[in-house]
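Numbering (my numbering), first residue to last: 529 to 632.
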Amino acid sequence: MQFLLEIRVRPNSSRNKVGGSAGEPPRLVVAVQAPAVDGKANQAVVKQLAETFNLRARDFTIVFGELGRDKRIIVEGISAEDEKTLQAKLEELMGEPKLFNFIT
């Protein structure tokens, strides 16, 4: 199973952090210390998301917004059993109800 995650990246942050929401429609905020130069921020985003969701970095693929702050990321390698856990984790991080799409 896979799901589509929409995020807003904040490069050059004082620390790496995943949490909160920004924009309309709301997107999960991912703050990274890496600068938005030569793909460094994208690499840091993938690493931070992998750590946050206890997945492998290779399970994350940026499918839209590689050069911008708003991104769409496909996350693969999710078992059907983990779906509810991931939904709860995303709602906890964003402070909002379901704002992501699982893809079967």
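All C-beta atoms, glycine included, are put in the ideal place defined by N, C-alpha and C.
> Over what stretch of residues does the beta strand (DSSP E) that includes Ala669 continue unbroken?
Replying inline: No answer is possible for residue 669: it lies beyond the span of the chain, which begins at 529 and ends at 632.
> Starting from Glu534 and walking both ways along the beta strand (DSSP E), at which residues does that stretch end?
Replying inline: Locating residue 534 in the sequence shown gives position 6, counting from the first residue. Segment Gln530 to Arg538, the beta strand (DSSP E) holding Glu534.
> Got a sec: is the Cβ-Cβ distance from Thr589 to anything in chain C below 8 Å?
Replying inline: As a matter of chain content, chain C is missing from the structure shown, which is built from one protein chain.
>> Contact defined as beta carbons within less than 8 Å: I believe Leu577 pairs with Phe588. What is the distance between those atoms, to the nearest angstrom?
In response: Mapped onto the sequence shown, residue 577 falls at position 49. Mapped onto the sequence shown, residue 588 falls at position 60. At roughly 6 Å, the Cβ-Cβ gap stays under 8 Å, so Leu577 and Phe588 are in contact.
> Can you tell me the Cα-Cα spacing of Glu552 and Arg600, whole angstroms?
Replying inline: Counted from its first residue, the sequence shown places residue 552 at position 24. Counted from its first residue, the sequence shown places residue 600 at position 72. Each residue's alpha carbon lies about 14 Å from the other.
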